[in-house]
Amino acid sequence: MAYPRVLVVENPGFKRSALVKMLQRLGARDLVLAVDGDQALMHLRQQGAVDVVLCDITGRDRQGLEFLDRVSQQGLAEALILAVDTPPDIRRALGHMPSFGGLALIGVFDRPLSLRSLHKVLSQYRRPADAGSSASLANMELPSEADLRLGLALGEFRGWYQPKRVMDTGQLAGAEVLVRWEHPSRGVLLPQVFLAGMVAYNLIDEMFKQLFDQAMGLLQGLRLQGIDLELSFNLHASQLDGPALVKHIQRTLLWHELPGESFTFELAENGLLALKPATQENLVCLRMLGCSLAVDDFGMGFSSLKMLGQLPFNQLKLDGSVIHDLVNPGSRAVVAGALALTRALHMELVIEGVSSQTMQDTLTAMGCRIGQGYHLALPMNAGVFLRWLETLPAPVLKKV
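In this text, residue positions in the sequence shown follow UniProt numbering: the first is 1, and each later residue adds one.
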């Protein structure tokens with residue numbers, strides 16, 4: 001792989017020499033070296049911008065912050081890796097910040113830096129110019145209401161299925177239904193391109209109904225093969241402000257003769273802060289139909305323990321950003337806390353973002369049971385998903 005261009009700001013001596021050798025060993029050849037911020041700015045103006053700044057701002061007062069501000073304002077770098085020697089509370093806070101000094105913060109490390117950790121951060125960094133489809137999506141013009149309505153009319157919004165698995169056995173624990181816009185000219189579009197428009201133009205219910213109908217056909221076909229699968233759907237809290245959607249779900253279940261236990265509905269944590277009484281009533285109605293309810297992206301919002309104890313949720317999905325650095329005691333503490341919370345409230349914990357075997361093994365050792373993520377299985381369209389299921393041995397397909 002091609003490593004990014006890195007600016008190393010470090011005092012001369014053994015530390016800088018060791019750091020440079022480490023970077024070169026990892027494959028980074030395009031390095032810019034500087035002893036302080038002033039020299040770094042001079043080199044950048046002479047040699048051009050870099051992708052990543054690697055520096056230590058500890059003990060520099062405002063000088064380090066001012067240096068980063070100037071680098072950011074002048075467009076001389078995109079991302080930042082910090083090597084720090086700070087109290088644990090500052091270290092934890094930095095580890096959860098998306099940016100610092102105007103630069104995207106992609107890594108925070110204690111000294112001495114670990115070769116393995118540094119490799120992980122640099123290998124995952126993607127230059128903005130090379131970001132591929134993600135960059136294209138970010139720059140893509142938002143669809144109009146007419147575009148969205150046409151896509152719905154033509155059936156272009158399709159459910160893709162990402163399995164959830166029991167991490168110590170590989171057993172199938174269900175699948176989440178993720179919406180994709182299979183656009184005839186733009187290709188497969190992710191929700192960030194169109195979901196806000198669906199909500200703004202009040203089309204979100206129609207999109208859900210189409211995905212729900214697609215899933216009904218898939219489930220009925222699987223049941224004929226003796227496979228009992230649970231599917232999860234994402235709902236926006238506003239969709240439950242009135243009774244219409246819950247009534248539609250109830251009618252659809254009756255029509256297809258499928259039990260509510262085959263379905264989980266996920267609501268993002270940040271949408272649960274000020275629920276209307278009608279919304280709470282509809283949540284109870286879904287549970288009374290036998291459906292499960294999950295708090296999605298748990299750990300990203302500010303839901304209270306009181307709220308979790310009062311609402312009828314029976315599953316928490318821990319956001320993947322929480323587990324990206326399980327070597328960090330703070331991340332492990334959050335996972336352990338989520339485990340203790342779900343056990344106390346008799347809820348199920350699902351870990352999102354499981355991206356490696358090491359992560360899977362660590363979570364399993366901590367007592368986590370169900371995971372979801374690219375390491376366990378990728379999202380698949382219905383055809384690919386059905387073929388994938390055919391590759392699984394019977395014990396793995398058995399409902400957990």
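Ideal placement from N, C-alpha and C gives every residue a C-beta, glycine not left out.
Computed from a prediction, not measured in an experiment: that's the story for all the values here.
Suppose only complete runs of 4+ residues qualify. What are the alpha helix (DSSP H) ranges in the segment 287–330, listed by chain order? Complete alpha helix (DSSP H) runs here, min 4: 305–310.
Identified DSSP bridge partners for residue 163: On the sequence shown, residue 163 is found 163 positions in, with the first residue counted as 1. Residue 163 is bridged to 175.
Per DSSP, the bridge partner or partners of residue 183: Walking along the sequence shown from the start, residue 183 turns up at place 183. According to DSSP, which records beta bridges pairwise, residue 183 is partnered with 187.
Bridge partners of residue 266, per DSSP? One-based indexing of the sequence shown puts residue 266 at position 266. Note: residue 266 sits in a beta bridge opposite 234, 294.
Are residue 294 and residue 266 touching if we call contact CB-CB under 8 Å? As a working note, residue 294 is residue 294 in the sequence shown. As a working note, residue 266 is residue 266 in the sequence shown. Cβ atoms of residue 294 and residue 266: closer than 8 Å.
Would you kindly check if the distance between the Cβ of residue 208 and the Cβ of residue 230 is under 8 Å? Taking the sequence shown and counting its residues from 1, the one referred to as residue 230 is at position 230. Taking the sequence shown and counting its residues from 1, the one referred to as residue 208 is at position 208. No; because the gap between Cβ atoms is not below 8 Å, this pair is not in contact.
For residue 81, which three-state DSSP category applies? By 1-based counting over the sequence shown, the position of residue 81 is 81. Strand at residue 81.
Three or more C-beta pairs below 8 Å linking the segment 151–169 and the segment 372–382: Result yes; three or more Cβ-Cβ pairs closer than 8 Å.
Below 8 Å on the Cβ atoms is my guess for residue 121 versus residue 107; work out the distance and round it to an integer in Å. Here residue 121 corresponds to residue number 121 of the sequence shown, with the count starting at 1. Here residue 107 corresponds to residue number 107 of the sequence shown, with the count starting at 1. 4 Å between Cβ atoms; contact.
Which residue marks the beginning of the beta strand (DSSP E) containing residue 54, and which one marks its end? One-based indexing of the sequence shown puts residue 54 at position 54. Under the DSSP assignment, residue 54 falls in the beta strand (DSSP E) whose first and last residues are 52–55.
Note the first and the last residue of the continuous alpha helix (DSSP H) segment covering residue 348. Counting from 1 along the sequence shown, the entry for residue 348 is found at position 348. It is not in any alpha helix (DSSP H) - residue 348 instead sits in the beta strand (DSSP E) that spans 348–351.
Does the segment 85–100 touch the segment 47–55, meaning 3 or more C-beta pairs lie closer than 8 Å? no
When DSSP labels each residue in this structure, what does residue 97 get in the three-state scheme? As a first step, residue 97 is located in the sequence shown; it is residue number 97 there, counting from the start. The answer is coil: DSSP assigns residue 97 none of H, G, I, E or B.
To the nearest whole angstrom, what separates the beta carbons of residue 245 and residue 205, a pair I think is in contact under 8 Å? Mapped onto the sequence shown, residue 245 falls at position 245. Mapped onto the sequence shown, residue 205 falls at position 205. Rounded, the Cβ-Cβ distance is 6 Å, consistent with contact.
Cβ pair count under 8 Å reaching 3, the segment 140–150 against the segment 345–356: no
Neighbourhood of residue 237 by C-beta distance below 7 Å, restricted to the same chain and skipping five residues each side: Counting from one through the sequence shown, the residue named residue 237 turns up at place 237. Within the same chain, residue 237 has close Cβ partners 267, 271, 272, 275, 279.
Suppose the cutoff is 8 Å on Cβ atoms and the five residues either side in sequence are ignored; what does the same chain contact list for residue 174 look like? The residue given as residue 174 occupies position 174 in the sequence shown. Once the five neighbours on either side are set aside, the close Cβ partners of residue 174 are 163, 164, 229, 230, 231, 232, 264.
In whole angstroms, what separates the C-alpha of residue 256 from that of residue 247? Numbered from 1 along the sequence shown, position 256 holds the residue referred to as residue 256. Numbered from 1 along the sequence shown, position 247 holds the residue referred to as residue 247. Between residue 256 and residue 247, the C-alpha separation is close to 14 Å.
So, are the CB atoms of residue 389 and residue 376 less than 8 Å apart? Here residue 389 corresponds to residue number 389 of the sequence shown, with the count starting at 1. Here residue 376 corresponds to residue number 376 of the sequence shown, with the count starting at 1. Contact: no.
Backbone secondary structure at residue 147 - three-state DSSP: Stepping through the sequence shown from its first residue, residue 147 is reached at position 147. Helix, per DSSP.
If the criterion is Cβ atoms closer than 8 Å, does the pair residue 167 and residue 360 meet it? Counted from its first residue, the sequence shown places residue 167 at position 167. Counted from its first residue, the sequence shown places residue 360 at position 360. The answer is yes: Cβ separation under 8 Å.
Going by alpha carbons, who is nearest to residue 410 out of 7, 242, 226, 114? With the chain covering only 1 through 400, there is no way to say anything about residue 410.
Can you pull the DSSP bridge partners for residue 110? The residue given as residue 110 occupies position 110 in the sequence shown. Bridge partners of residue 110: 84.
Less than 8 Å between the beta carbons of residue 22 and residue 80, yes or no? Translated into positions along the sequence shown, residue 22 becomes position 22. Translated into positions along the sequence shown, residue 80 becomes position 80. The Cβ atoms of residue 22 and residue 80 lie no closer than 8 Å to each other.
C-alpha distance - residue 115 paired with residue 32, whole-angstrom precision: Numbered from 1 along the sequence shown, position 115 holds the residue referred to as residue 115. Numbered from 1 along the sequence shown, position 32 holds the residue referred to as residue 32. The alpha-carbon atoms of residue 115 and residue 32 are separated by roughly 19 Å.
Helix, strand or coil: how does DSSP classify residue 396 here? In the sequence shown, residue 396 corresponds to position 396, counting from 1. Helix at residue 396.
Could you work out which residue in 68, 217, 221 is closest to residue 41 when comparing CA atoms only? If you number the sequence shown from 1, residue 41 lands on position 41. That would be 68, whose Cα lies nearest to the Cα of residue 41.
Return yes when the Cβ of residue 284 is within less than 8 Å of the Cβ of residue 315, no when it is not. In the sequence shown, counting from the first residue as 1, residue 315 sits at position 315. In the sequence shown, counting from the first residue as 1, residue 284 sits at position 284. Not a contact, by the Cβ cut-off of 8 Å.
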